[in-house]
Amino acid sequence: MSTVEEVIAFWVDEIGPQGWYAQDAALDAKIRDRYLPLWEKARAGRLCNWASCPKGCLAYLIVTDQFPRNMFRDDPRAFATDEMARKVAARACHLRFDGQIEEPARQFFYLPLMHSESQMDQDRAVRMFLLRMPNTGAQNLLHARAHRAVIREFGRFPYRNNALGRQTTSAEQSFLTEGGYGLAVRRLQKAA
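For the sequence shown, the numbering used here gives the first residue as 740, with consecutive numbering after it.
Here it is in C-alpha cells:
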C-alpha cells in the first residue's frame with residue numbers, strides 16, 4: 740500500500756506543476772492503476788490517521804481531492820470524496836499545517852475549498868491563496884476568484900451537472916455554450 744511519502748513524491752516531484760492540471764488520458768490511467776485501491780481505502784475512512792500531521796494532510800488531500808478528478812473524469816466518483824477533503828483541508832488550515840508545506844504544493848490545502856459548491860468555502864479559498872501563497876499564488880488566486888464567481892452566479896458548478904445527473908438551467912446552458920469556466924476566467928482578466 741502507498742505511503743504518505745510515496746504519494747507526495749509521485750504527485751509533487753514526478754508529476755509536478757506541469758502535469759497537475761493537464762488532461763492526459765495516460766496520466767489518468769496511471770493514477771487509476773496505481774492509486775485506485777488507496778482512494779477506495781480513503782473513501783472507506785481508513786486513511787484518517789494521515790490527517791494528523793502536515794505531510795500526511797497533504798498526501799490525504801492529494802488522494803481525496805486530486806486523484807479522483809483524474810481517475811474518474813465525467814463520473815460522479817470524481818467528487819465522491821470532496822467533502823472528506825474539504826473537512827481535512829479546513830482543519831489543516833486552522834492548525835496552519837499548510838504553512839509547513841512549501842509552495843507550490845501548499846495549494847493542495849486550498850483546492851478542496853475551491854472545489855466546494857459552498858460560497859463560504861469559496862471565500863475562504865480566495866483568502867487562503869491571497870494570504871498564504873504570496874510567492875506562487877497569482878494564477879491560483881485568479882482561478883480561485885473564477886470558481887467563486889461561478890458559485891456566486893449559479894450556486895453550483897454547471898460543468899458538473901452531467902456527471903452528477905443534475906438538470907442544467909437555461910442560464911447555465913448559456914454559460915456553458917459561451918465557454919463555461921474559461922469564460923469566468925476571461926471575465927476576471929478583462930475586469931482587472
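Idealized CB from N, CA, C, for every residue including glycine.
Burial state of residue i (16 or more Cβ within 10 Å)
{"i": "Tyr760", "result": "exposed"}
{"i": "Arg825", "result": "buried"}
{"i": "Met853", "result": "buried"}
{"i": "Leu903", "result": "exposed"}
{"i": "Asn879", "result": "buried"}
{"i": "Asn809", "result": "buried"}
{"i": "Asp813", "result": "exposed"}
Pairwise C-alpha distance: residue j and residue i
{"i": "Asp752", "j": "Asn900", "result": "33 Å"}
{"i": "Pro793", "j": "Asp767", "result": "26 Å"}
{"i": "His932", "j": "Thr916", "result": "This structure does not reach residue 932, given that the chain is present from 740 up to 931, and the question cannot be answered."}
{"i": "Gln762", "j": "Asn874", "result": "26 Å"}
{"i": "Ala829", "j": "Pro851", "result": "9 Å"}
{"i": "Met823", "j": "Thr803", "result": "7 Å"}
{"i": "Ala844", "j": "Thr907", "result": "34 Å"}
{"i": "Cys787", "j": "Trp778", "result": "12 Å"}
{"i": "Ala883", "j": "Ser855", "result": "11 Å"}
{"i": "Val743", "j": "Ala781", "result": "12 Å"}
C-beta neighbour in chain D for residue i, strict 9 Å
{"i": "Ile747", "result": "Going by chain labels, chain D is absent from the structure shown, which holds only one protein chain."}
Host alpha helix (DSSP H) of residue i (start-end)
{"i": "Ile770", "result": "Ala764 to Arg782"}
{"i": "Arg895", "result": "Element bounds for Arg895: n/a, residue is neither H nor E."}
{"i": "Tyr920", "result": "Tyr920 to Ala930"}
{"i": "Ala831", "result": "Asp821 to His833"}
{"i": "Met853", "result": "Leu850 to Met853"}
{"i": "Trp759", "result": "Gly755 to Trp759"}
{"i": "Pro793", "result": "Pro793 to Leu800"}
{"i": "Asn788", "result": "Taken as a continuous stretch (DSSP letters only), Asn788 belongs to no alpha helix (DSSP H), as it is neither H nor E."}
{"i": "Pro815", "result": "That residue, Pro815, is in no alpha helix (DSSP H); it is neither H nor E in DSSP."}
Presumed contact (8 Å Cβ cut-off) between residue i and residue j, rounded CB distance
{"i": "Leu881", "j": "Val924", "result": "7 Å"}
{"i": "Tyr920", "j": "Ala885", "result": "7 Å"}
{"i": "Pro807", "j": "Ala817", "result": "5 Å"}
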